[in-house]
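See structure below.
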Amino acid sequence: MHFMTKSNPIGVFDSGIGGLTVVKQIKNLLPNENIVYFGDTARVPYGSKSNATVIEYALQDAQFLLKKNVKLIVVACNTVSSVALQVLRDKINLPIIGMISPGAKMALKETANKKIGVIGTYATVNNKAYSKEIMKFDKKSKVFEKACPLFVPFAEEGWLNTEATKFVAKEYLKELKEKEIESLILGCTHYPLLHEVIQEAIGDKVKLIDSGIAVSYEVREYLQARNLLNDSAAKGEDLYFVSDLPEKFRTVAELFLGNKIKHLQKIDLEEEIK
Ligand code: DGL
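Taken in order, the sequence shown gives residues -17 to 256; the numbers are from the numbering used here.
Written out as structure tokens, the structure reads:
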């Protein structure tokens, strides 16, 4: 493991813009931390690709962050967390925090009737990542999973609350509406961007679980335990890197984060990790 200091940044990666929902939560909780973000916008979506491809991409993304001297890596992508977490932990010499376990634990805490819904990409749902994790803690839970792949391009396009988005959400969620679920895990980091539309479609009695919030607590716990929290009084600096189209990324990211992004750069991933 590399030598780490408190001021080393936290590395966060996603297939695209979705991981910003996790960055937002980390920044809320830990405003003094520096963050290096990589969004693989040239190759998004990961959720409809094979496990082997997702693993290959994830290893490259993590290698890029490793080169940026991050003190830990947050895999801000449920698809990657579902299929590649173990490989990343085996091959990358850094602590790695994924989305699934923190989100599953949070849902269990919030659900008295044990009926939990999960929405995510095809990869996350087909791998049953959340169901397996929830069952580890409570075998009596009933988990209903549904892939909602069209939510990702809507979020990437910045169509967060359009009529088309509402229509698609209603279609996707009508099956889950009949299952008496008490909570619904937003099992894809893009989905918190569509929070309002999803809440409207599933009904206001169902609690939406944002794994990003659970992950931010886990990051704090991890750093605290190792005396690695950044104790600088200054606000953290964020560096954003993407593999394609930085301007579109900027528009949607600023809209969502609610502040201007100072450093945004398109990189050639293969060159960077040579
Ligand atoms: N951010 C990804 C996730 O959380 C979804 C986008 C994709 O399919 O790459 O699963």
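Beta carbons are placed, not taken as given, at the ideal position from N, Cα and C, and that holds for glycine.
- Item | Proximity below 8 Å, CB of residue 172 to CB of residue 126 | Not closer than 8 Å, so no.
- Task: Could you tell me the distance, in whole angstroms, from the CA atom of residue 169 to the CA atom of residue 10?
- Result: Approximately 20 Å, taken between the alpha carbons.
- Item | According to DSSP, residues forming a beta bridge with residue 189 | 165, per the DSSP bridge assignment.
- Query: What residues match up with residue 247 in a beta bridge as DSSP calls it?
  - Reply: DSSP, once it has assigned bridges, lists 223 as partnering residue 247.
- Task: Look at the alpha carbon of residue 178 and the alpha carbon of residue 147, and state the distance between them as a whole number of angstroms.
- Result: Residue 178 and residue 147: Cα-Cα distance of roughly 11 Å.
- Message: Just list the residues that DSSP pairs residue 4 with in beta bridges.
- Response: Residue pairing by DSSP places residue 4 in no beta bridge whatsoever.
- the ligand DGL heavy atoms versus the CB of residue -3: any closer than 7 Å? Result yes, Cβ under 7 Å from the ligand DGL.
- Does the ligand DGL have even one heavy atom less than 7 Å from the beta-carbon of residue 172? The answer is yes for residue 172.
- Consider the C-beta atom of residue 27 and the heavy atoms of the ligand DGL; say whether any pair is separated by less than 7 Å. Checking every heavy atom of the ligand DGL against the Cβ of residue 27, one is found closer than 7 Å.
- Compute every distance between the C-beta of residue 241 and the non-hydrogen atoms of the ligand DGL, then say whether any falls below 7 Å. Taking non-hydrogen atoms of the ligand DGL into account, the C-beta of residue 241 is found less than 7 Å away from none of them.
- Pull up the distance between the alpha-carbon of residue 159 and that of residue 50, whole angstroms please. The alpha-carbon atoms of residue 159 and residue 50 are separated by roughly 44 Å.
- Query: Just checking, does the stretch 45 to 60 make contact with the stretch -13 to -4 on the three C-beta pairs under 8 Å criterion?
  - Reply: With a cut-off of 8 Å, the stretch -13 to -4 and the stretch 45 to 60 count as touching, because enough Cβ pairs lie within range.
- Query: Less than 7 Å between the CB of residue 310 and some heavy atom of the ligand DGL, yes or no?
  - Reply: Because the chain spans -17 through 256 in this model, residue 310 falls outside it and cannot be assessed.
- Keeping to the same chain, check which residues put their C-beta closer than 6 Å to that of residue 86; ignore five residues upstream and five downstream. Cβ neighbours of residue 86 within its own chain (closer than 6 Å, five residues either side excluded): 112, 115 and 116.
- Alpha-carbon spacing of residue 155 relative to residue 166, whole angstroms: Near 10 Å, if we compare the C-alpha coordinates of residue 166 and residue 155.
- Among 121, 0, 13 and 7, which residue has its Cα nearest to the Cα of residue 212? Check the Cα spacing between residue 212 and each of 121, 0, 13 and 7: the tightest is with 13.
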